[in-house]
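Heads up, the thing below is written out as structure tokens.
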Amino acid sequence: MKIKYLGILLAGTLGMNSCSMVGDIDDIKPYYKMEEDNVVYNLESAESVLRGVYKSWRAFNVSSFRLYMSILSGTAASKGGGLTGGQEFVTNSVQANNIALANIYQGSYLTINTANNLIHLMERGDAKGAPEQRVREIIAECKIQRALAHFQLLRHFGYFFDLSSPYGIVLRNMPFAGTETSARASVQESYDFILADLNEAIANAPQHSELHYYVTKATAQALKAKVLLHMRNYNEAENIAKEAIALAEDNGYRLEESFRSIFTNGYDSPEALFATYTEGAMESATDLIARTTYSEYTRRVADILVAGDNDGNLNTGDGYDQRFYLMFNPTLAGAQGNGKHPYSLNGAGKHNTQMVLRLGEIYFIHAEAAARNGHYDSARQSFQTMASRVGYPADYASKISNNTLLTAIFRHKALELFAENGEDWFDFVRYYHEKNMNLNAIKATIKSDIQLVLPLPQTALAGNNQLQQNPL
70 MKIKYLGILL AGTLGMNSCS MVGDIDDIKP YYKMEEDNVV YNLESAESVL
120 RGVYKSWRAF NVSSFRLYMS ILSGTAASKG GGLTGGQEFV TNSVQANNIA
170 LANIYQGSYL TINTANNLIH LMERGDAKGA PEQRVREIIA ECKIQRALAH
220 FQLLRHFGYF FDLSSPYGIV LRNMPFAGTE TSARASVQES YDFILADLNE
270 AIANAPQHSE LHYYVTKATA QALKAKVLLH MRNYNEAENI AKEAIALAED
320 NGYRLEESFR SIFTNGYDSP EALFATYTEG AMESATDLIA RTTYSEYTRR
370 VADILVAGDN DGNLNTGDGY DQRFYLMFNP TLAGAQGNGK HPYSLNGAGK
420 HNTQMVLRLG EIYFIHAEAA ARNGHYDSAR QSFQTMASRV GYPADYASKI
470 SNNTLLTAIF RHKALELFAE NGEDWFDFVR YYHEKNMNLN AIKATIKSDI
520 QLVLPLPQTA LAGNNQLQQN PL
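Residue 70 is where the sequence shown starts when you use our numbering, and the numbers rise one by one after that.
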């Protein structure tokens, strides 16, 4: 593999987000003009390529897909012009030729390949004069993002809920030109690969960063807890989540005092373990949030959790979960129709940030894992922390029975993370396979287990004759 491909890939990344490079994360040079031997030649050039890896998370192919998964689960609904290819997600009949599938698949492997190229160059010693510690840190940052992208692909296209399944994903640990053919790894092999990257990152990533659009040891530790939860390794997930919360808070991360502040502060939020850098009209992540709204299921959950069914008032917030009110009150929702996206799509200054991973989610991961382990007091403590922030009484969690605690955690987490990364869909699939939820508990169009895994995109199959489609 010649390193000239890095130039092509980064040029493609830049093309997806037309750029007037602003701010620390966006000072990226035009690599398509560079020869293969001078892409990375010192620490400064290495840092610039690293910023390209970070930038890939807000490329259109990746950033625009997050909403599709909430539509798939039925917590969100399409409105207005809808989303390209979105009707198949509405009806849970997604086909292999759906353009949105091709976009997220290609976008995720673009992140992986850009990270792989930089890892290769750093290990080869191209960053002349760079301190050894910073070389290790850059490699670790790339491995966190490589793990995150592989995890994203596994959850979207693999049987992530079944460790014995052969239907994992194609794993990439070396630069590739896009012409190589590879078979899928098993689900267990896919998880082992992801965990190996995260374990190395925990050992070598930066301990601390004031800039929350960069990843650290705490990011890696938190992501590891999330991966273990999906593996049904609840004992380890509970322990690692607890350690991740402590590590994060020891290094300057903290929960926001108010739910709304997470999104008005955006990438500056102390709660963000990894968020996209968005500043100015040319440095924004494409979000299509204005084309979606809440579903009747989500409205009812927000209503039932507070005071009973059909008594909520969205104008005043009375009778609704505070998170739902802050997202969808007509005044607070703003021009985008969702209070998690408080900024306009044009103009100078801060823009809407996409929260890839935040501390609040780790509290929910700990609560669920602890509850599944029968450690109900510990589960309630983490759960109560999240409930208290949005106005629930101090004894709220203590009044929920052991038998209904997991359901309560699911509902609160769905409202907490609504339309951020599709967590409601992946939680639904996990809860169903744990027999905690009926197949059509949220949406009547989900009728078969086959609908719980997206098909591999036709474009990927056409370019890789070793790639086997999911059972249809």
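Glycine included, each C-beta is placed from N, C-alpha and C at the ideal position.
Q: Compare the C-alpha of S142 against each of Q156, L401, V122, V118 and name the closest.
A: Considering only alpha carbons, the answer is Q156.
Q. Are there 16 or more other CB atoms within 10 angstroms of the CB of A115, so buried, or fewer, so exposed?
A. buried
Q) From P110 to L475, what distance separates their C-alpha atoms? A) The question names Pro, but residue 110 in the sequence shown is Tyr. Between Y110 and L475, the C-alpha separation is close to 52 Å.
Q: Can you grab the Cα-Cα spacing for the pair E269 / F495, in whole Å?
A: 26 Å
Q) Which of the three DSSP states, helix, strand or coil, is assigned to A272? A) helix
Q) Just the Cα atoms here: how many angstroms apart are L75 and L426? A) For L75, the predicted structure reports a pLDDT of 46, less than 50, and the residue's modelled location is therefore unreliable. A value from the coordinates is still provided. Whole-angstrom Cα-Cα distance: 27 Å.
Q.
Using a Cβ distance threshold of 8 Å, determine whether the region 516-536 contacts the region 165-177, with at least three qualifying pairs required.
A. yes
(Q) Quick check: S177 and Q221, are their CB atoms within less than 8 Å of each other? (A) Yes. Within cutoff.
Q) Any idea if I550 is buried or exposed, counting beta-carbon neighbours within 10 angstroms, 16 or more meaning buried? A) No information on residue 550 is available, as it lies outside the stretch 70 to 541 that the chain covers here.
Q | CA-to-CA distance, Y174 to A184, given in whole angstroms | A | If you take the alpha carbons of A184 and Y174, they lie about 16 Å apart.
Q | Contact check, Y465 vs S451, beta carbons under 8 Å | A | Not closer than 8 Å, so no.
Q) Among residues of its own chain, excluding the 5 on either side of H420, which ones have a beta-carbon nearer than 6 Å to its beta-carbon? A) T347, S353, Y412
Q) Taking three-plus beta-carbon pairs below 8 Å as touching, is the region 305-317 in contact with the region 325-338? A) no
Q) Would DSSP call N111 helix, strand or coil? A) Strand at N111.
**Q.** C-alpha gap between M138 and T514, whole angstroms
**A.** 14 Å
**Q.** Distance between beta carbons of M424 and A341, contact taken as under 8 Å
**A.** 6 Å
Q. Any idea if A317 is buried or exposed, counting beta-carbon neighbours within 10 angstroms, 16 or more meaning buried?
A. buried
Q.
For the pair the region 469-487 and the region 439-458, tell me if three or more CB-CB distances fall below 8 Å.
A. yes
Q. In its own chain, which residues sit with a C-beta less than 8 Å from the C-beta of S467, not counting the 5 before and 5 after it?
A. R449, Q453
**Q.** R368 versus D266, R392, I358, residue with shortest Cα-Cα distance
**A.** Checked all of D266, R392, I358; the closest Cα to R368 is R392.
Q: Pull up the DSSP beta-bridge partners for R427, would you.
A: Looking at the DSSP assignment, R427 forms a beta bridge with A341.
Q) Looking at the unbroken beta strand (DSSP E) that takes in Y363, where does it start and where does it end? A) Start and end: 361-363.
Q) Of all the alpha helix (DSSP H) runs that stay within the bounds of the region 348-405, which reach a length of 4 or more residues? A) Counting only runs of 4 or more, we get 365-373, 391-397, 399-402.
Q. Of the residues G416, N172, G154, P339, which one's Cα is nearest the Cα of M351?
A. Among G416, N172, G154, P339, the Cα nearest to that of M351 belongs to G416.
Q: Assign K512 to one of three DSSP states: helix, strand, or coil.
A: coil
Q) With distances taken from CA atoms, which of H219, I271, A246 is nearest E258? A) H219
**Q.** Pair within 8 Å by beta-carbon distance, F397 and L383
**A.** yes
Q: Determine the direct distance from the alpha carbon of D261 to that of L240, and round the result to whole angstroms.
A: 11 Å
Q) How would you label R458, buried or exposed, when you count the other beta carbons within 10 angstroms and need 16 or more for buried? A) It counts as buried.
Q: Any chance you could list the alpha helix (DSSP H) runs of at least 4 consecutive residues sitting entirely within the region 162-225, in chain order?
A: 168-193
Q. Whose C-alpha, out of E430, E489, N320, F479, is nearest the C-alpha of P275?
A. N320
Q. How long is the line joining the alpha carbons of L324 and L428, rounded to whole angstroms?
A. 6 Å
Q.
Just to confirm, is the Cβ distance from A371 to G386 under 8 Å?
A. It is not a contact, given that the beta carbons lie outside the stated cut-off.
Q. Helix, strand or coil: which one does DSSP assign to A317?
A. helix
Q) What is the C-beta distance between L136 and A145, in whole angstroms, given that I count them as a contact (C-beta under 8 Å)? A) Indeed they touch by this definition, with Cβ atoms about 6 Å apart.
**Q.** DSSP state of K419 mapped onto helix, strand, coil
**A.** strand
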